[in-house]
Every structure is written in C-alpha cells, then in structure tokens.
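Engineer:
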Amino acid sequence: MSRLSKVLKISAWVAAFIVVVVLLQRYGIAPLQDAVKGMGFWAPLGLFLLRGVSIILPALPSSIYSLLAGSLLGFQTGYLTITLSDLVFCSTAFFIARRWGRGPVSRLVGASAMKRIDGFSKNQLEGNFFLMTGLLMTGLFDFLSYAIGISRTHWRVFAPALLISVLISDSILVAVGAGVAQGASLTLGLALLAMFALATFTGLMKRKAASKDAPHPPVHPG
Numbered sequence: 253m254s255r256l257s258k259v260l261k262i263s264a265w266v267a268a269f270i271v272v273v274v275l276l277q278r279y280g281i282a283p284l285q286d287a288v289k290g291m292g293f294w295a296p297l298g299l300f301l302l303r304g305v306s307i308i309l310p311a312l313p314s315s316i317y318s319l320l321a322g323s324l325l326g327f328q329t330g331y332l333t334i335t336l337s338d339l340v341f342c343s344t345a346f347f348i349a350r351r352w353g354r355g356p357v358s359r360l361v362g363a364s365a366m367k368r369i370d371g372f373s374k375n376q377l378e379g380n381f382f383l384m385t386g387l388l389m390t391g392l393f394d395f396l397s398y399a400i401g402i403s404r405t406h407w408r409v410f411a412p413a414l415l416i417s418v419l420i421s422d423s424i425l426v427a428v429g430a431g432v433a434q435g436a437s438l439t440l441g442l443a444l445l446a447m448f449a450l451a452t453f454t455g456l457m458k459r460k461a462a463s464k465d466a467p468h469p470p471v472h473p474g
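Note that the numbering used here has the sequence shown beginning at 253, numbered continuously upward.
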C-alpha cells in the first residue's frame with residue numbers, strides 16, 4: 253500500500269506541474285519565457301545554483317528545477333544547465349563525504365536526511381557499479397552521492413556512474429518540461445514513456461538493493 257501511495261504522490265506532482273505549465277502557456281508563459289531570455293546568462297546561472305543548493309542540502313526538492321529548466325530555458329540550454337549542476341554538486345557532495353566522513357555530513361544535511369544516507373551506505377554500492385548507476389538515476393541521487401562518499405568509494409568508480417546516470421535521467425525530466433511548455437505532444441509523450449521506463453528500472457534497482465540487505469536464512473549442513 254505504501255508503494256502505491258508513493259506512485260500516486262509522484263503522479264500527482266507531475267500532473268500538477270503539467271496543469272500549471274499548460275495554464276501558463278495559455279495565459280502568460282510566453283512573456284515569462286521572454287523575461288527569462290532577457291536575463292541572458294543570469295537565468296541559467298540561477299537555476300544552476302538553485303539546483304546545486306538542493307543537492308548539497310537534500311531535504312530541498314530538486315526534480316522541480318529540471319522541469320523548470322526545460323520549460324523556461326528550452327531543452328538544449330535547460331539540459332546543459334541541469335547536467336552541469338548535477339555533475340558539479342553531486343561531485344562536491346561526494347568529496348565532502350569522502351574527505352570529512354559521516355560527522356560533518358550529518359551536521360550539514362540534518363538528522364532526517366542522514367538516516368536515508370546511512371540506509372544507502374549499508375548496501376555496499378561500491379562493489380556493484382550497475383546498482384550504483386541505477387540508484388543514482390532515482391530522485392535520491394543527492395543522498396546517494398553522500399552515501400557513496402562515506403563508503404570510501406574511489407572517484408574513478410563514482411565518476412562514470414554519475415555521468416551515465418545524469419545524462420539519462422536529466423534528459424527525461426528536462427524533456428518533459430520543454431515538451432509541456434512548447435506543446436510538443438510527441439516529445440512530451442516520448443519523455444513520459446521514458447520516465448515510466450526509468451521509474452520501472454530504478455524500482456528494480458531499489459528492490460535488488462533491499463534484497464541484498466535482507467538477512468538470509470541459515471544454511472544447515474545436510
């Protein structure tokens with residue numbers, strides 16, 4: 253039942269965003285986009301920093317910035333902005349955790365976020381590159397960046413996993429934002445299908461991580 257409620261909550265957020273953007277498109281998104289274009293370099297920089305703060309302080313929502321980047325900046329600029337922000341700030345979170353460890357991270361992110369980070373730290377992700385990559389594609393990539401750093405994973409292992417996950421997951425959310433804002437039904441449809449496929453894949457990755465953590469029954473000699 254809890255899994256169903258999570259799916260419904262995510263669906264509600266996506267639906268609400270689509271409704272808001274459609275209304276803005278009909279009654280005033282064009283002036284807003286023109287205003288953003290008039291800001292020049294400062295608009296992408298602002299979204300870059302806001303997304304970065306939401307990664308370093310993972311209690312803040314982060315996915316909304318991918319959707320906003322697509323709708324306000326267009327796919328190309330929005331995708332570049334969000335991708336660069338994720339690469340820079342997830343790497344920063346990783347190095348903070350790897351260099352200073354659990355104590356400073358706990359003081360930075362707070363007790364609630366630290367519980368999630370500790371939960372991921374138990375999965376021994378450093379030993380499974382594909383599981384690490386799959387979980388980084390979820391909306392919990394910010395927590396995972398800290399968890400992987402705490403596990404003392406080497407940068408050479410974390411960097412390619414981060415790059416692959418960011419290039420795939422960011423493209424989907426930014427495409428959704430751009431497709432809704434531009435009324436591009438084909439682009440939006442493909443992006444939503446890709447989002448569903450990604451959600452299914454990451455759900456399997458989470459289940460695999462959970463089963464890896466579950467205690468196994470003792471084996472008695474025959």
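Every residue, glycine too, gets a C-beta built ideally from N, C-alpha and C. Predicted, not measured: the structure shown is a model, and the values here were computed from it.
1) Using the C-alpha atoms, what's the distance from S343 back to R404?
2) To the nearest angstrom, how far is it from the Cα of V340 to the Cα of F346?
3) Could you spell out the range, first to last residue, of the alpha helix (DSSP H) harbouring L389?
4) Would DSSP call R408 helix, strand or coil?
5) Considering just the uninterrupted stretch of the alpha helix (DSSP H) at F327, what are its terminal residues?
6) Please confirm if the region 361-371 is in contact with the region 304-322, defined as three or more CB-CB distances below 8 Å between the two stretches.
7) In terms of alpha-carbon separation, which member of R408, R368 and H406 lies closest to G391?
8) Can you tell me whether DSSP reads L309 as helix, strand or coil?
9) Ignore the nearest five residues each way along the sequence and tell me which others in S318's own chain have a CB closer than 7 Å to its CB.
10) Once DSSP output is grouped into helix, strand and coil, what is the label at M291?
11) With a threshold of 7 Å on Cβ separation, who are the neighbours of F372 within its own chain once the five nearest residues in sequence on each side are excluded?
12) Comparing C-alpha positions only, which one of L324, V305 and D338 sits nearest to K289?
13) Have a look at L299 and N380 and give me their C-alpha separation to the nearest angstrom.
14) Considering Cα atoms alone, identify which of P296, T329, A321 and P313 is closest to F393.
15) Output the distance between the C-alpha atoms of L332 and G355, rounded to the nearest integer angstrom.
16) As a quick exercise: from H406, A365, G292 and F293, pick the residue whose alpha carbon is nearest that of R350.
17) Which word fits V388, buried or exposed, when buried means at least 16 other C-beta atoms lie within 10 angstroms of its C-beta?
18) Out of curiosity, what's the CA-to-CA distance linking G304 and A295?
19) Cutting at 6 Å between CB atoms, please list the residues of its own chain near M384, excluding the five before and the five after it.
Structural biologist: Result, derived from the coordinates:
1) Numbered from 1 along the sequence shown, position 152 holds the residue referred to as residue 404. Numbered from 1 along the sequence shown, position 91 holds the residue referred to as residue 343. Roughly 13 Å separates the two Cα atoms.
2) Here the question's residue 340 lines up with position 88 in the sequence shown. Here the question's residue 346 lines up with position 94 in the sequence shown. Taking the straight line from one Cα to the other gives about 10 Å.
3) Here residue 389 is taken as the residue at index 137 of the sequence shown, counted from 1. It is worth fixing the name first, because residue 389 is Met in this sequence and not Leu. No alpha helix (DSSP H) contains M389, which DSSP labels as neither H nor E.
4) The sequence position of residue 408 within the sequence shown is 156, counting from 1. Of the three classes helix, strand and coil, the one that applies to R408 here is helix, per DSSP.
5) For the purposes of this step, residue 327 is taken as the residue at position 75 of the sequence shown. F327 to W352 is the span of the alpha helix (DSSP H), which, as asked, contains F327.
6) yes
7) If you number the sequence shown from 1, residue 391 lands on position 139. Of the listed residues, the one whose Cα sits closest to G391 is R368.
8) On the sequence shown, position 57 is the one that residue 309 refers to. In this structure, L309 counts as coil in the three-state DSSP scheme.
9) As a position in the sequence shown, residue 318 is number 66, starting the count at 1. Only I334, D422, L425, V426 and G429 meet the Cβ criterion.
10) Here residue 291 refers to the residue found at position 39 when the sequence shown is read from its first residue. Looking at M291 - three-state DSSP - the assignment turns out to be coil, as it is neither helix nor strand.
11) Numbered from its first residue, the sequence shown carries residue 372 at position 120. Around F372: F395, L396 and A399.
12) Here residue 289 corresponds to residue number 37 of the sequence shown, with the count starting at 1. Cα-wise, what sits closest to K289 is L324.
13) Within the sequence shown, residue 299 is the residue found at index 47, counting from 1. Within the sequence shown, residue 380 is the residue found at index 128, counting from 1. Near 32 Å, if we compare the C-alpha coordinates of N380 and L299.
14) As a first step, residue 393 must be located in the sequence shown, where it is residue number 141. The residue with the shortest Cα to Cα distance from F393 is P313.
15) Stepping through the sequence shown from its first residue, residue 332 is reached at position 80. Stepping through the sequence shown from its first residue, residue 355 is reached at position 103. Their Cα atoms are separated by approximately 33 Å.
16) Numbered from 1 along the sequence shown, position 98 holds the residue referred to as residue 350. For R350, the nearest C-alpha among the options comes from H406.
17) Position 136 of the sequence shown, counted from the start, is the residue given in the question as residue 388. A small fix is needed here, since residue 388 is Leu in this sequence, not Val. Classification of L388: buried, given that the 10 Å Cβ count is 16 or more.
18) As a position in the sequence shown, residue 304 is number 52, starting the count at 1. As a position in the sequence shown, residue 295 is number 43, starting the count at 1. The straight-line gap from Cα to Cα measures roughly 14 Å.
19) As a first step, residue 384 must be located in the sequence shown, where it is residue number 132. If we look at M384 and ignore the five residues flanking it on each side, its Cβ neighbours are L377 and A413.
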